[in-house]
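Participant: The numbering of the sequence shown is my numbering, which starts it at 7 and goes up by one. For glycine and all other residues, C-beta sits at the position ideal for the given N, C-alpha and C. Below: one structure in structure tokens.
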Amino acid sequence: MTQFFRNHLLRSLLSLNAIILASMSLFRIVFLLYFGTFTNTLSFPLSVVKALVLGVRFDAVIIAYINSIVVVGFALVWFTDNQNLQKKFLSALLYYYVTLYSLVFFILCIDFGFYSYFQNHINILIFGIVEDDTHALLTTIFQNYNVPLFLTGISAQCIALFFLCRYFIRTLKTQLIQRENRSLLSKIGLLFFFIGLDILLARGSVTMYPLGMMNTEISSNVFINKLPVNGVFALKEALTRTFQKF
């Protein structure tokens, strides 16, 4: 494996996604501190820790799905010697990451508000909300939530994501220009590593069954069982159940 792949491609991509994963875990801790009570936190300390660890697996599933397209893209450009094509791909990758991860954190924030109102993660009720009186809904939202602060936070988050992603993408571009000749074996080896890692994280499990809602029953406390699930996974489940009705 060449110096470029060993020290920069692998490290940069894993570091970027590890930071996103850590940020999602931090969001879950905020969720715990905001909605948790003395009864459902300090009374079940081991269950809370287990829920937080399980939450990392749920977050990793979302990150793996996002990176599946990235892996396919790298598979197409790695085996070309066209630096211009590779630079264009990295430029597109910057905006892909910023857009998708901004959307992820936006959904997490929506889920936070949804939970504060319904005491549950996003579910099929969110589609019924749209069918209700929109004016009354918007009035309620503006009366009960600081919408300007929410929009400011989302904007700041998008800007932070842009600079974070740009830092790692620029590192890859710089090393692309200075790269050494790469052997076909090293490219194939790293490609299979990314594919295998992505599949493993997307399943969220090494057992026969992939990670799902059934895995959240880890405590006798209802709140703790809801803690591992993130808003994106909850939205996916809601969409799945909605389509199953048709």
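Can you tell me where the alpha helix (DSSP H) holding residue 196 begins and where it ends?
Facilitator: Taken as a continuous stretch (DSSP letters only), the alpha helix (DSSP H) holding residue 196 covers 190-209.
Participant: Smallest Cα separation from residue 71: which of 158, 201, 123, 85?
Facilitator: Residue 201 is the option with its Cα nearest to residue 71.
Participant: Compute the beta-carbon to beta-carbon distance between residue 241 and residue 64, rounded to the nearest angstrom, for a pair I have assumed lies under 8 angstroms.
Facilitator: In fact, because the Cβ distance is near 12 angstroms, the residues do not count as touching under 8 angstroms.
Participant: Quick check: the Cα distance between residue 234 and residue 162, rounded to an integer number of angstroms?
Facilitator: C-alpha separation (whole angstroms): 26 angstroms.
Participant: Assign residue 207 to buried or exposed, taking buried as 16 or more other Cβ atoms, counted over all protein chains shown, within 10 Å of its Cβ.
Facilitator: Buried, since its Cβ has 16 or more Cβ neighbours within 10 Å.
Participant: Between the C-alpha atoms of residue 92 and residue 199, what's the straight-line distance to the nearest angstrom?
Facilitator: Rounded to whole angstroms, residue 92 to residue 199 spans 20 angstroms at the Cα level.
Participant: With burial defined as no fewer than 16 other Cβ atoms inside 10 Å of the residue's Cβ, what is the status of residue 57: buried or exposed?
Facilitator: Counting Cβ neighbours within 10 Å, residue 57 comes out buried, since at least 16 surround it.
Participant: Considering just the uninterrupted stretch of the alpha helix (DSSP H) at residue 1, what are its terminal residues?
Facilitator: Lying before the first or after the last residue shown, residue 1 is absent from the chain, which here runs from 7 to 252.
Participant: So, residue 195 versus residue 113, is the Cβ gap smaller than 7 angstroms?
Facilitator: The answer is no: Cβ separation not under 7 angstroms.
Participant: By Cβ distance below 7 angstroms, which residues in the same chain neighbour residue 107 in space, the five residues on each side in sequence not counted?
Facilitator: Here the set comprises 26, 167.
Participant: Could you compute how far the alpha carbon of residue 120 sits from the alpha carbon of residue 129?
Facilitator: Residue 120 and residue 129: Cα-Cα distance of roughly 9 angstroms.
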